[in-house]
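**Q** Residue numbers (the working numbering), protein chains in the order written: chain B, 911 to 1027; chain S, 911 to 1027. Dropping the structure in here first, questions after.
Here's what the structure looks like:
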């Protein structure tokens, strides 16, 4: 049964990932993660430098916890959901489509399609 | 029944606190708390400035949580335990004996005695 959007027919969790694709996916994922961590690092330093009282300290603690939990949730390297992860990283500006070079065109189409949701 | 150490005879939780003593206690307590918070604030800024990677960020988060919980625990303004609180603040260098001026001499003796434990 063909998909209405020319998406791969099998459910995403059953898609095949070649060794080449896995390498490309890992490279893109790690690049996005390092960008995310750099951004948090930079903002944490700026926030810490601006703190003037105890309330500011505990706010920083809460903010760091929130960032840590969100990163744990968003950077989930399971092939069964990786296209969605890439779609949200593109949406968040942590990756460009060019940086997904190496993935199968069908997967790129699926990612683009998810981006349009 | 007299104490072997010339301590007030009643259990500490039954000691009487005059209005003057309460004011003196509150002033000393607030002074110690503001010193503690200043020290944490200063160290947090130094730690944040030194961070170079994500591990350092989550360490800072953990360190802040630990400090917050310790301050909540140590700065406990209940008259029933306040002499112990003052003894530990003296021990930690957050107060001097002179700053407890205004407390009843018997309470000061009790605090000194606890310090010698």
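Don't be surprised by glycine CBs; every beta carbon is placed ideally from N, CA and C.
I'd like the span of the alpha helix (DSSP H) that includes residue 922 (chain S), first residue to last.
**A** Going by DSSP, residue 922 (chain S) is part of no alpha helix (DSSP H) at all; its letter is neither H nor E.
**Q** Can you pull the chain S residues whose beta carbon is under 8 Å from the beta carbon of residue 971 (chain B), in chain order?
**A** 971, 974, 975 and 978
**Q** Among the candidates S:995, S:967 and S:968, whose CA atom is the shortest distance from the CA of residue 1020 (chain S)?
**A** S:995
**Q** Which ranges does the alpha helix (DSSP H) cover as unbroken runs of at least 4 residues, wholly within the region 934-988 of chain B, from first to last along the chain?
**A** 964-984
**Q** Taking only beta-carbon positions, decide if residue 925 (chain S) is within less than 7 Å of chain B.
**A** no
**Q** Do residue 989 (chain B) and residue 939 (chain B) count as a contact pair if the criterion is CB distance below 7 Å?
**A** no
**Q** For residue 978 (chain S), which of B:1006, B:1015, B:971 and B:921 has the nearest alpha-carbon?
**A** Minimum Cα distance to residue 978 (chain S) is reached at B:971.
**Q** Please report the distance separating the alpha-carbon of residue 952 (chain S) from that of residue 1004 (chain S).
**A** 15 Å
**Q** Give the DSSP-derived three-state secondary structure of residue 1013 (chain S) in the structure shown.
**A** strand
**Q** Can you name, in chain order, every residue of its own chain whose Cβ lies under 7 Å from the Cβ of residue 997 (chain S), other than the five neighbours on each side?
**A** Around residue 997 (chain S), the same chain offers 1021, 1024 and 1025 as residues with beta carbons nearer than 7 Å, after the five sequence neighbours per side are excluded.
**Q** Using a beta-carbon distance below 7 Å, is residue 958 (chain B) in contact with chain S?
**A** yes
**Q** Taking 7 Å as the threshold (beta carbon to beta carbon), is residue 968 (chain S) in contact with chain B?
**A** yes
**Q** Would you mind sorting residue 921 (chain B) into buried or exposed? The rule is 16 or more other CB atoms within 10 Å of its CB.
**A** exposed
**Q** Nearest CA to the CA of residue 962 (chain B): which residue from S:968, S:963, S:950 and S:966?
**A** S:950
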